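As structure tokens, the structure follows; a few thoughts come after it.
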Amino acid sequence: MNADRTFRQPGRWAVLAALVVLAVVMLFPFVIVTLNAFKSPAEYSSGGPLSLPHGFYLDGIVAFWDRVDFGLKLWNSLLISGVVAVAAVVLSVLNAYALGIGKVRGRLWILVLFLVANTLPQEALVYPLYYLSKEVGLYDSKLAVILIFTVIQAAFGTYLLSSVLGQFPRGILEAAELDGASRWRMLWGIVVPISRPTLSVLLIFFFIWTWNEFFLPMVFLISNDNQTVPVALGVLQGEKMMDATMSSASALLGIIPAVAFFLIFQRTLTRGITVGAIK
Amino acid sequence: MFRVGRSAAVAALAAAALALSACGGSSDDSNSGSGGSAESKTLTLWHYETGNSAMGTAWAQAMKEFEASHPGVKVKFEEKGFEQIQKTASMVLNSDEAPDIMEYNKGNATAGQLSKQGLLTDLSEQATKRGWDKLLSPSLQTTAKYDERGIMGSGKWFGVPNYGEYVMVYYNKDMFEKAGVKVPTTFDEFTAALDAFAKKGTTPIAMAGAEYPAQQLFYLLALNKANRAWIDSFELYKGKVDFHGPEFTYAAQTFSDWVKKGYISKDSAGMKAEDMGVAFIGGKFPIMVSGSWWFGRLAEEIKDFKWGSFLWPGQFAPGSSGNLWVVPEKSKNKDLAYDFIDITMKKEIQNLLGNSGGVPVAADPSAITDAQNKELIENFNKLSTQDGLAFYPDWPAPGYYDVLVAGVQELINGSKKPEEVLDEIAQPYNDNLADIGN
Numbered sequence: 001m002n003a004d005r006t007f008r009q010p011g012r013w014a015v016l017a018a019l020v021v022l023a024v025v026m027l028f029p030f031v032i033v034t035l036n037a038f039k040s041p042a043e044y045s046s047g048g049p050l051s052l053p054h055g056f057y058l059d060g061i062v063a064f065w066d067r068v069d070f071g072l073k074l075w076n077s078l079l080i081s082g083v084v085a086v087a088a089v090v091l092s093v094l095n096a097y098a099l100g101i102g103k104v105r106g107r108l109w110i111l112v113l114f115l116v117a118n119t120l121p122q123e124a125l126v127y128p129l130y131y132l133s134k135e136v137g138l139y140d141s142k143l144a145v146i147l148i149f150t151v152i153q154a155a156f157g158t159y160l161l162s163s164v165l166g167q168f169p170r171g172i173l174e175a176a177e178l179d180g181a182s183r184w185r186m187l188w189g190i191v192v193p194i195s196r197p198t199l200s201v202l203l204i205f206f207f208i209w210t211w212n213e214f215f216l217p218m219v220f221l222i223s224n225d226n227q228t229v230p231v232a233l234g235v236l237q238g239e240k241m242m243d244a245t246m247s248s249a250s251a252l253l254g255i256i257p258a259v260a261f262f263l264i265f266q267r268t269l270t271r272g273i274t275v276g277a278i279k
Numbered sequence: 001m002f003r004v005g006r007s008a009a010v011a012a013l014a015a016a017a018l019a020l021s022a023c024g025g026s027s028d029d030s031n032s033g034s035g036g037s038a039e040s041k042t043l044t045l046w047h048y049e050t051g052n053s054a055m056g057t058a059w060a061q062a063m064k065e066f067e068a069s070h071p072g073v074k075v076k077f078e079e080k081g082f083e084q085i086q087k088t089a090s091m092v093l094n095s096d097e098a099p100d101i102m103e104y105n106k107g108n109a110t111a112g113q114l115s116k117q118g119l120l121t122d123l124s125e126q127a128t129k130r131g132w133d134k135l136l137s138p139s140l141q142t143t144a145k146y147d148e149r150g151i152m153g154s155g156k157w158f159g160v161p162n163y164g165e166y167v168m169v170y171y172n173k174d175m176f177e178k179a180g181v182k183v184p185t186t187f188d189e190f191t192a193a194l195d196a197f198a199k200k201g202t203t204p205i206a207m208a209g210a211e212y213p214a215q216q217l218f219y220l221l222a223l224n225k226a227n228r229a230w231i232d233s234f235e236l237y238k239g240k241v242d243f244h245g246p247e248f249t250y251a252a253q254t255f256s257d258w259v260k261k262g263y264i265s266k267d268s269a270g271m272k273a274e275d276m277g278v279a280f281i282g283g284k285f286p287i288m289v290s291g292s293w294w295f296g297r298l299a300e301e302i303k304d305f306k307w308g309s310f311l312w313p314g315q316f317a318p319g320s321s322g323n324l325w326v327v328p329e330k331s332k333n334k335d336l337a338y339d340f341i342d343i344t345m346k347k348e349i350q351n352l353l354g355n356s357g358g359v360p361v362a363a364d365p366s367a368i369t370d371a372q373n374k375e376l377i378e379n380f381n382k383l384s385t386q387d388g389l390a391f392y393p394d395w396p397a398p399g400y401y402d403v404l405v406a407g408v409q410e411l412i413n414g415s416k417k418p419e420e421v422l423d424e425i426a427q428p429y430n431d432n433l434a435d436i437g438n
């Protein structure tokens, strides 16, 4: 026992060291961004990106907030990501219930189709989506982005949930069927509560992924009143000039909500993942 | 990182719409309809200049004057990101959400492309009627006019530039003084100055090989052996360009020599323009050869030493008009848009642009108060009157920017001989010529 322990020790230290290195690598960009967000442009130019700020220079953050009306952008992002997350999860559950538990003919091929759709680059979708949205009068509206991302996220969600529900204990469902539960009732009364942890994980992922989307929102949200946070951050990238300190300030403002959201739901996340693992 | 996204079977879209109207539809109303044709009258205007830049300041004033002279009309200004406009312009202008007037990038691949697609309004009549063609010098008009192939230099007016830009030499006065080097007026004096710094162990030129500065210096060297006909051949396809002719051969050879002599650091191959600027602002180099777009930032951020600028010793320098005001074909208020452009060309607005550190195209030099701004503008006027604006080396072909970056990097690294680099940059240029049918 003792020998075993000492034998194990160096290995553990190595793992710990590797994790620390990894953490530093991951956190380094955040540190740089935070450092430069609180620097004045002159300080940045004379000291470079790695120097410590001399004071707490908040003008960059305040100026950026006012310049792009950041409060409104936050609300837009929140609205779009929130609706997409909920709608995509609901859609995924409905699809996956049919594909994973129900006996839809050719379900394997349907799943393959979803998988292939998942690998399409967004650039390939832009023009078709642009024409469709223009035809139905949804170009430059939040609803267009919500619809698009609900479908995009639900495609992944359907694929994932179908394989999860494919493993669903049949016995429970058969028992419920004997008791006379309708299909609808079985979905909401049994399947959804039991897969709750997986669904919460999906919800959180959908929210964060949608929040971080840049390309399609940039194309579809034309007027400033509709724009999301990542698109607003793009305003700072000039043709030849970049404003390093203000970019940092905006990047900081941009990641705070996603990080906060992650921290709040972090426990749900880990729970969901471990539940999945035990299954 | 595995990115989800993508997908979308059109059939699923319908399903999504159904699901959404059930649960999420009530919470968003969207479709705010920014056009504003319903209200009294609104001029929707987009540009992508920072609010405190010279253009941003002057245009804000122009909007005020516009509202004052057009009672009942409101200007709805939206600041856009450069990238957003670049990537989405053709889609936006093809829809009903097009603004009434917007700033757009000059050049064949940008404004030229849109004009070819019929998305921009022909401004020729307005240009003569309102006298814009008199205010702008011929080399500035080059980027305002596009022919039916979308190639600049001739044809109809599709844009109006408000400001100019050019590449010059910025120098650190303190370092010049300390080294006992005088401001050079000829090319020989310029190389002598570089040599004096190099002998003292200072690398004279701040450089960025990974971005535009290196190719602009390379082009400057070629221009010293060139004439207007050669520039027109290279930029406007008016003749054949021999990449092994005296112009480019001299440029490649000299550039490579300068690296060997230590005028340009070997480490600069991987530098970005931002690094170059920060190094110059930090007082690490006595000379930076770059564009007027740096001027405002230098004025604001250099505190520890005196600095100035002078024209590149030679007749030509990279430069052109700035970006353009364009009026989308789908603009709902074209007349108001013309009025707005007219206001931006007025003396007061142009002078304000100059006094804020920009390069106006139609200002009154005597109204410029700051000595440094005055120097900047006078140098531009001098260059413009000696027909010295030579455009930019990456203009002739799509994707040529990256070709040049790679080529000049090889000169800095010394990984290829000058002749080999010339072959490398000749190929894509000639391919493009074949593509457009010249």
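Quick note, the sequences are listed as chains A and B, same order. Take the first sequence: its letters are residues 1 to 279, numbered as in full-length UniProt numbering. Take the second sequence: its letters are residues 1 to 438, numbered as in full-length UniProt numbering. Where is the CB? At the ideal position from N, CA and C, for every residue including glycine. Everything numeric in this text was worked out from a predicted model, so none of it was measured.
Under DSSP, B:S290 forms a beta bridge with B:M168. In this structure the stretch 109 to 116 of chain B lies against the stretch 134 to 153 of chain B, because at least three pairs of beta carbons, one per stretch, are closer than 8 Å. Put simply, the stretch 298 to 306 of chain B touches the stretch 266 to 285 of chain B. At least three CB pairs are less than 8 Å apart. Within the model, the alpha-carbon separation for A:K73 versus A:S81 is close to 12 Å. Burial check for B:V361: the Cβ neighbour count within 10 Å reaches 16 or more, so the residue is buried. Scanning B:F340, B:V359, B:L194 for the CA closest to the CA of B:T202 turns up B:L194. Less than 8 Å separates the beta-carbon of B:V421 from that of B:A252.
With respect to the 8 Å criterion, A:A88 and A:T150 are classified as neighbours on the basis of their beta carbons. Per DSSP, the beta bridge partners of B:I205 are B:I264, B:I287. Following the DSSP letters along the chain, one finds B:L43 inside the beta strand (DSSP E) bounded by residues 42 to 47.
Cβ proximity to chain B below 8 Å picks out nothing from the stretch 23 to 40 of chain A. For a Cβ distance threshold of 7 Å, residue set F82 of chain B lies close to A:E239, ordered along the chain. B:N227 counts as exposed, since fewer than 16 other beta carbons sit within 10 angstroms of its beta carbon. Non-local beta-carbon contacts of B:A208 in its own chain, meaning distances under 7 Å to residues more than five positions away in sequence, involve A214, S268, M271, K272, A273, D275, M276 in chain order. In this structure, the CA atom of B:N355 is about 41 Å from the CA atom of B:E410.
Taking C-beta separations shorter than 6 Å and ignoring five residues to either side along the sequence, the partners of B:Y401 in its chain run D394, following chain order. Relative to B:V169, the option among B:W293, B:D335, B:I436 whose CA is nearest is B:W293.
Residue pairing by DSSP places B:Y104 opposite B:L324 in a beta bridge. In this structure, A:V231 lies near B:Q84, with their beta-carbon atoms less than 8 Å apart.
Put simply, the stretch 88 to 103 of chain B touches the stretch 326 to 340 of chain B. At least three CB pairs are less than 8 Å apart. Collapsing the DSSP output to three states places B:K306 in coil. Rounded to the nearest angstrom, the gap between the Cα atoms of A:A154 and B:T143 is 47 Å. A buried status is given to B:A210, since no fewer than 16 other beta-carbon atoms sit within 10 Å of its beta-carbon. Spatial neighbours of B:A60 in its own chain (CB-CB distance under 6 Å, excluding positions within 5 residues in sequence) are not present.
Looking at the backbone, the Cα of B:W46 and that of B:F190 are separated by about 42 Å.
A:M26 counts as exposed, since fewer than 16 other C-beta atoms from the protein chains shown sit within 10 angstroms of its C-beta. For A:L78, the three-state secondary structure derived from DSSP is helix.
Residue range 74 to 79 is occupied by the beta strand (DSSP E) that includes B:F77.
Bridge partners of B:A317 according to DSSP: B:L389.
Shown here, B:K240 sits in coil according to DSSP, grouped into three states, outside any helix or strand. Burial check for A:F30: the Cβ neighbour count within 10 Å stays below 16, so the residue is exposed. Judged by beta-carbon spacing, B:A206 lies beyond the 8 Å limit of B:F295, meaning their Cβ atoms are not closer than that value. Of the residues assessed, B:Q386 falls on the exposed side of the cut-off, its CB having fewer than 16 other CB atoms within 10 angstroms.
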